[in-house]
Every structure is written in structure tokens, then in C-alpha cells.
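Visitor: Structure in C-alpha cells, see below.
Number of protein chains: 2
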Amino acid sequence: MAETPRERYRTQVRAEIKQHAWEQIANAGVSALSLNAIAKQMGLSGPALYRYFAGRDELITELIRDAYRSLADTVRAAAGADLIALAGVIRDWARADPQRYFLIYGTPVPGYHAPADTTVISDEIMAVLLDASGTLPRVLSFWTRLQGVLSLELAGHFAGMAFDPALLLADELTDLS
Amino acid sequence: MAETPRERYRTQVRAEIKQHAWEQIANAGVSALSLNAIAKQMGLSGPALYRYFAGRDELITELIRDAYRSLADTVRAAAGADLIALAGVIRDWARADPQRYFLIYGTPVPGYHAPADTTVISDEIMAVLLDASGTLPRVLSFWTRLQGVLSLELAGHFAGMAFDPALLLADELTDLS
DNA sequence: CGCAACAGTTAGAACCTATAACCATTTCGC
DNA sequence: GCGAAATGGTTATAGGTTCTAACTGTTGCG
Chain A
1 MAETPRERYR TQVRAEIKQH AWEQIANAGV SALSLNAIAK QMGLSGPALY RYFAGRDELI
61 TELIRDAYRS LADTVRAAAG ADLIALAGVI RDWARADPQR YFLIYGTPVP GYHAPADTTV
121 ISDEIMAVLL DASGTLPRVL SFWTRLQGVL SLELAGHFAG MAFDPALLLA DELTDLS
Chain B
178 MAETPRERYR TQVRAEIKQH AWEQIANAGV SALSLNAIAK QMGLSGPALY RYFAGRDELI
238 TELIRDAYRS LADTVRAAAG ADLIALAGVI RDWARADPQR YFLIYGTPVP GYHAPADTTV
298 ISDEIMAVLL DASGTLPRVL SFWTRLQGVL SLELAGHFAG MAFDPALLLA DELTDLS
């Protein structure tokens with residue numbers, strides 16, 4: 001497993017590219033992600049990034065994978081807690097970077113299919129939820145209600161109405177526990 | 178209200194542009210919408226479309242407005258029905274053109290704000306729902322649960338799990354009526 | 001040491017949005 | 001009806017994007 005300096009450098013640069021990519025996504029959404037802009041920010045010139053990612057799509061796919069992994073990590077770290085607590089953890093994760101949330105649960109691109117390993121990660125999350133809720137119908141209700149509140153809240157569809165989404169979420173989950 | 182031939186032609190061309198735009202969106206999502214491609218499909222050459230729309234953003238804004246109006250129309254047409262029926266109508270509307278649904282309820286672009294009149298339309302939809310459900314907390318629960326099922330279903334996140342989203346939705350709404 | 005793998009470069013094709021300048025036609029005011 | 005203005009269309013062009021090709025220098029391994 002001895003890492004050659006080359007590999008070291010390579011993974012480090014890849015990480016830096018993804019770092020800039022996340023900043024762009026957080027600020028302007030994934031549609032505004034520009035390889036050129038990232039290259040310029042890094043002092044590189046355009047096509048250099050193609051040494052590290054086959055193209056824009058592969059970079060985005062990698063970001064989606066990382067988003068899934070990040071969510072799975074935070075859920076796993078809260079394993080054992082009850083559904084209310086899990087919902088709070090997931091909501092906090094989503095609010096920390098809404099565009100990262102939308103990368104997973106937002107508008108899908110017709111024809112694009114997430115890499116197979118993301119479904120594995122997704123199953124892992126479901127396993128934690130199932131462990132906390134007991135039955136499958138319950139976790140399904142939990143999941144859809146949570147997504148309902150989150151997608152509307154993060155997309156700003158609760159903007160006008162003066163109420164706390166956290167309270168709505170709590171209300172939606174009390175009869176599940 | 179006498180329509181001059183000019184206005185006639187203008188609104189007709191605008192409608193044709195939007196028609197092609199909707200096809201592109203349905204097939205490849207809004208990010209793939211290309212004014213150039215639309216112009217070519219219509220036998221026009223690039224910049225001609227700027228006579229009809231100030232730019233890509235204005236066209237998309239107009240499409241969002243139309244999507245809101247379309248949803249409001251279908252909801253209004255079902256006014257008086259109970260919540261289960263309303264949910265079915267809305268779900269059918271969304272499934273008929275998922276990308277149109279996502280244009281309203283999908284990933285928001287940071288910094289972009291929907292035109293003010295859409296909130297008016299949104300309020301109108303809420304009024305119908307409120308009329309069918311009675312209390313505000315109930316319509317809020319209805320709305321978030323419906324959105325939860327719809328966003329997950331239309332984004333394909335129920336792909337692996339073998340069950341009928343319609344049944345899940347019905348289950349989620351039975352205790353609300 | 002030598003050579004192959006690798007990181008980076010510039011050039012360029014094929015797109016895209018958008019503006020500018022220009023032309024022909026249609027419409028409108030007088 | 002006539003002339004001016006508004007309108008719909010064109011091409012040219014600037015600047016942006018992704019991505020490929022060809023080339024250069026450097027690094028690292030046998």
C-alpha cells in the first residue's frame with residue numbers, strides 16, 4: 001500500500017478540484033459548474049483537468065457519490081437514535097449545504113442514472129432507519145414525510161408562510177414513533 | 178380587443194417556441210434547453226428568437242409561469258373533491274410530464290427568484306386544498322406528504338423497491354381525511 | 001542512465017448565449 | 001396614399017463552454 005508520490009499528488013489535486021466544484025455548486029447550483037472556471041481558480045489552464053476527470057459528467061458523478069457517502073456517514077454516526085433525532089440530523093445535514101442535498105434528491109436529468117454503488121449506500125441508510133423504526137411501512141412513511149418537508153423547505157416553498165418547518169417536521173413524525 | 182395580425186403572429190410564434198422548449202425539457206431537462214436548437218427546429222437562425230424572448234432566462238421564467246398555471250388549472254378543475262382525489266389529480270398531472278413538475282418543485286437555482294405572480298397562483302392552489310381539508314395544519318400535512326411521495330417517485334428513488342407509490346400515497350393520506 | 005509514464009501546455013472544433021449592425025416588409029399616422 | 005417608424009428577419013461577432021489532439025517538459029522507475 002506504499003503510496004508513490006505520484007499517487008499522492010494525484011489524489012490531492014483531485015480533492016482540490018472537488019473542493020472548488022463544491023464551492024461553485026453551493027453558490028450557483030450544479031448547472032453553473034464550470035471546469036474552465038475551476039482550472040482558472042487553480043492556476044491551471046483548461047484541459048489540464050481532463051488528466052483527473054474524464055469530463056464534467058464524471059466529476060459530477062463523483063460529487064454525487066461523495067454526497068451519498070457524506071449523508072450515509074452522518075446517518076450512521078447517529079445510528080441508534082430514534083426517528084425524531086434521525087430526522088433532525090438529516091435535516092441539519094441538508095441545510096448545511098442545500099445544493100448537496102439536491103444533488104441527490106433534486107431534479108433528475110432524464111437519461112442519467114446514478115452509479116450502482118450509490119444504491120448500496122442508499123440501502124445502508126435505509127438499514128439504519130429500519131433499525132430505528134421497526135417496520136418497513138413506518139420507515140417508508142418517515143422517509144417520504146421527511147423528504148416532503150425538506151424539499152419544500154430548501155426550495156423556498158415555505159417562504160411566504162410564517163411558520164417553523166422544524167415544527168411541521170416534528171408534527172409529521174410524532175405519530176410514527 | 179381587436180387583435181392586429183402582428184400580435185396574432187407574434188403570440189403564435191411565441192407559442193411555437195414554447196412548444197419546442199417543452200419538448201426539449203421533457204426529453205433532456207431544463208439544463209439542456211437550447212435557444213439555438215429551437216431556432217433551427219423552426220427554420221429560423223439563432224438570434225431571431227431574441228425578438229420574442231429577451232433571453233434564455235426569460236423563456237424559462239415564462240415556462241415556469243405556464244407550469245404553475247397548468248397545475249392551478251387542473252387543481253381548480255377538481256375543486257370540491259376530497260383530498261385523496263385531489264392528490265390523485267395532482268399526481269397524474271406530475272406524472273404526465275415530470276420535468277414540468279420539477280420546474281416548479283425541483284432543484285432551485287441559488288439566487289433565482291420565481292416571478293411574483295407565481296405566488297399568487299400558488300395561493301390559489303392552497304385555497305382549493307384548504308377548502309377540501311378544513312384546517313391549515315391538515316393541508317400542510319397533505320401538501321408535504323404528497324410532495325414527499327411525488328419527488329421521490331418521479332426522481333426514481335423508489336426504483337429498486339417493489340411497491341406501488343400510489344398505495345404509499347393513499348396510505349399517507351387516509352388518516353388525514 | 002535511459003525511457004516511459006505523466007502533468008501540463010496551446011490550438012482548435014463544435015457547441016452555447018447574446019449583442020450589433022443591417023435589410024426588407026409591414027403597419028400606422030397624417 | 002405616402003413617408004416614417006416599428007417589426008421580423010438576416011449575418012457577423014464576441015465571449016463562454018466542453019472536449020480532443022498534438023506537443024513539451026518533468027518525474028520516477030528499472
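Protein chains in written order, with the numbering used here: chain A, 1 to 177; chain B, 178 to 354. All C-beta atoms, glycine included, are put in the ideal place defined by N, C-alpha and C.
1. First and last residue of the alpha helix (DSSP H) that includes V13 (chain A)?
2. Express the C-alpha separation of A32 (chain A) and L313 (chain B) in angstroms, rounding to a whole number.
3. Quick check: what's the CA-CA separation for K40 (chain A) versus G46 (chain A)?
4. Measuring CB to CB, does G206 (chain B) end up less than 8 Å from P110 (chain A)?
5. Determine the DSSP secondary structure at M303 (chain B), reduced to helix, strand or coil.
6. Contact check, A21 (chain A) vs I64 (chain A) under 8 Å by CB: the rounded distance?
7. At the level of alpha carbons, what is the spacing between L299 (chain B) and A96 (chain A)?
8. Starting from A332 (chain B), find everything on chain A with Cβ-Cβ shorter than 8 Å and list it in chain order.
9. If the criterion is Cβ atoms closer than 8 Å, does the pair A264 (chain B) and L346 (chain B) meet it?
10. Answer with buried or exposed for P275 (chain B), where buried requires no fewer than 16 other C-beta atoms within 10 angstroms of its C-beta.
11. Report all residues from its chain with a CB closer than 6 Å to the CB of S34 (chain A); omit the five preceding and five following residues, and keep chain order.
12. When you check each C-beta in the region 7-36 of chain A against every C-beta of chain B, which residues fall closer than 7 Å?
13. Per DSSP, what kind of secondary structure is Y112 (chain A) in: helix, strand or coil?
14. Can you pull the chain B residues whose beta carbon is under 8 Å from the beta carbon of E172 (chain A), in chain order?
15. With the cut-off set at 8 Å, would you say E172 (chain A) and T188 (chain B) are in Cβ contact?
16. Does the beta carbon of S151 (chain A) come closer than 8 Å to any beta carbon on chain B?
17. Can you find at least 3 beta carbon pairs, one from the region 144-153 of chain A and one from the region 322-334 of chain B, that sit closer than 8 Å?
18. What residue does the alpha helix (DSSP H) around P98 (chain A) start on, and which one ends it?
19. Just verifying my parser: in three-state terms, what is the DSSP assignment at Y50 (chain A)?
20. For I25 (chain A) and P182 (chain B), what's the separation of their Cα atoms in angstroms?
21. For R233 (chain B), which residues in the same chain have their Cβ closer than 8 Å to its Cβ, ignoring the five residues on either side in sequence?
22. Given this structure, state the Cα-to-Cα distance separating A94 (chain A) from Y101 (chain A), to the nearest angstrom.
23. Could you work out which residues of chain B lie near G88 (chain A), taking near to mean beta carbons separated by less than 7 Å?
24. Since F142 (chain A) is in the alpha helix (DSSP H), which residue starts that stretch and which ends it?
25. Any C-beta of chain A sitting closer than 8 Å to the C-beta of A312 (chain B)?
26. Beta carbon of Y50 (chain A), beta carbon of I17 (chain A): below 8 Å?
27. Would you kindly work out how many angstroms separate the C-alpha atoms of E129 (chain A) and V139 (chain A), rounded to a whole number?
28. For L83 (chain A), which option in A:M126, A:P165, A:A54, A:I60 has the closest C-alpha, if you only look at C-alpha atoms?
29. Note down, in chain order, every chain A residue with its Cβ under 8 Å from the Cβ of G325 (chain B).
30. Considering L210 (chain B), what are the terminal residues of the alpha helix (DSSP H) in which it resides?
31. Just the Cα atoms here: how many angstroms apart are V13 (chain A) and E7 (chain A)?
32. Measure the alpha-carbon distance for T107 (chain A) versus Y9 (chain A) and round it to whole angstroms.
33. Let me check understanding here. Comparing Cα to Cα, which of B:T351, B:T251, B:E239, B:S310 lies closest to Q196 (chain B)?
Guide: Taking the definition as stated:
1. 5-28
2. 38 Å
3. 7 Å
4. yes
5. helix
6. Going by Cβ atoms, the distance from A21 (chain A) to I64 (chain A) rounds to 11 Å, so no, they are not a contact pair.
7. Sequence inspection shows Ser at residue 299 (chain B); the Leu mentioned does not correspond to that position. Going by the C-alpha atoms only, they are around 27 Å apart.
8. Y105, G106, T107, P108
9. yes
10. buried
11. none
12. N27, A28, G29, S31
13. coil
14. S318, T321, R322
15. no
16. yes
17. yes
18. 98-105
19. helix
20. 46 Å
21. L210, L212
22. 5 Å
23. Ordered by position in chain B, no residue passes the 7 Å Cβ test against G88 (chain A), which lies about 16 Å from the chain.
24. 136-154
25. The sequence as given places Thr at residue 312 (chain B); Ala does not occur at that position. Closer than 8 Å: no.
26. no
27. It is worth fixing the name first, because residue 129 (chain A) is Leu in this sequence and not Glu. Their Cα atoms are separated by approximately 6 Å.
28. A:M126
29. W143, T144, R145, L146, Q147, G148, V149, S151
30. Premise fails: L210 (chain B) is in no alpha helix (DSSP H) and is neither H nor E.
31. 10 Å
32. 35 Å
33. B:E239
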